[in-house]
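Visitor:
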Amino acid sequence: MRYVLPPMHTLRTFEALSRLRSFTVTAEELHLTTSAVSHQIRAIESFYATKLFRRNRHDVSLTPAGEKLLEVVQGFLQQLSSLGESLRTQDPHRLSVTAPPSLVSRWLMPRLGDFLRAYPEVDFKLHATLTLIDLDAEQADVAVRYGDGRWPGLHSEKLFDEQIFPVASPTYVARAKLHKSSKLKGCTLLRDDFQSWERWGEATGENLDASAWGPVYSDSALLLQATEAGHGVALGRSVLIADAIAAGALIRIGKRAISAPGSYYLVSPTRKGEAAQATAFRRWLTEQAGR
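Numbering of the sequence shown is given in our numbering, commencing with residue 258 and proceeding in unit increments.
Right, dumping it as structure tokens:
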């Protein structure tokens, strides 16, 4: 049987916006950008070829079509959550971890082999996503999340803070004769959805030329890949660029840095005892972060 379904990640965003009635508050709850929430709502409305929300002056409300969809989506999500525990208890060796894609590709993957070699009996599953997986419903055992460390009903342990500063490839540095951050005005400034050059300019007092804005990338890992390829200068997040700087693939520009708005935390449910494989992963990950 062929099922015609909308993109699955849009369903949770639809449910949250229906409940919270604010793009901003929904973005905060799901730890997405407001633009990402808007994009997902447009995607599900495009799929059904109908408006699901009325955009009011101060909030949003469901259309009749949205109300019909919400009734189905709430039941669907509740059934999936309820089913999680009974399914997961069937395999005591399974370990499911979720983390942001940029951290997975730039920091976790180069180190993960050590854990898998040390625990070959673990049936390991890694889900790279910006969506907040419902740990309490046991869709994942542990998660790495970015934020302020406050997630109701969950235990969080800080892994590391981040600093933000400009970086470029050795090729670009040589071509642009770039040695001081004060020379950024004439450079191509690459961007992503995480941090802005405007914030950097305000925090450091640098007068940046908006005409030099380069391409925008939806993911920090893509941004850094473009930077390593010599496309321009990017604002690098210290955790994500540490390996590249050590390897000489990226060069820090100047000495100025600003603090990132959040930190990385290891998060797990608090309502029951932790499985042995999750405890082992927690110990291994905190050790890696401590290095």
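The beta-carbon is built from N, C-alpha and C at its ideal position, and this holds for glycine as well.
How many Å lie between H266 and E414 at the Cα?
Guide: Straight-line Cα distance between these residues: approximately 27 Å.
Visitor: Tell me whether the region 517-528 and the region 404-411 touch, counting them as touching only if at least three CB pairs, one residue from each stretch, are closer than 8 Å.
Guide: With the cut-off at 8 Å, the region 517-528 and the region 404-411 touch.
Visitor: According to the neighbour-count rule (16 or more other Cβ atoms, all chains shown, within 10 Å of its Cβ), is D398 buried or exposed?
Guide: Its Cβ being crowded by 16 or more others within 10 Å, D398 is buried.
Visitor: Using a Cβ-Cβ cutoff of less than 8 Å, which residues in the same chain neighbour L268 once the five nearest sequence positions on both sides are dropped?
Guide: So the qualifying residues of the chain are I301, V330, F333 and L334.
Visitor: Check whether the region 500-510 and the region 418-434 touch, using three or more Cβ-Cβ pairs below 8 Å as the test.
Guide: The answer is yes - the region 418-434 touches the region 500-510, with three or more Cβ pairs under 8 Å.
Visitor: Span of the beta strand (DSSP E) holding R311?
Guide: From DSSP, the beta strand (DSSP E) with R311 extends over F310 to R312.
Visitor: Is H296 helix, strand or coil by DSSP?
Guide: Correct three-state label for H296: helix.
Visitor: Could you give the first and the last residue of the continuous alpha helix (DSSP H) run that contains P427?
Guide: It spans P427 to A433 - the alpha helix (DSSP H) in which P427 sits, taken as one unbroken run.
Visitor: Decide if the region 483-500 is in contact with the region 357-365; the criterion is three or more beta carbon pairs, one per stretch, under 8 Å apart.
Guide: The region 483-500 is in contact with the region 357-365.
Visitor: Please report the straight-line C-alpha distance between S477 and S359, rounded to a whole angstrom.
Guide: When rounded, the distance between both Cα atoms is 6 Å.
Visitor: Pick out whichever of I298, G404, A400 and V490 has its Cα sitting closest to the Cα of A431.
Guide: Nearest of I298, G404, A400 and V490 to A431, Cα basis: V490.
Visitor: Helix, strand or coil: how does DSSP classify A491 here?
Guide: Residue state, collapsed to three classes: strand.
Visitor: Can you give the Cα-Cα distance for P445 and T461, rounded to whole angstroms?
Guide: A small correction: the amino acid at residue 445 is Thr; Pro does not occupy that position in the sequence shown. Going from the Cα of T445 to the Cα of T461 covers about 18 Å.
Visitor: Expressed to the nearest angstrom, what Euclidean distance is found between the alpha-carbon atoms of G458 and P427?
Guide: When rounded, the distance between both Cα atoms is 23 Å.
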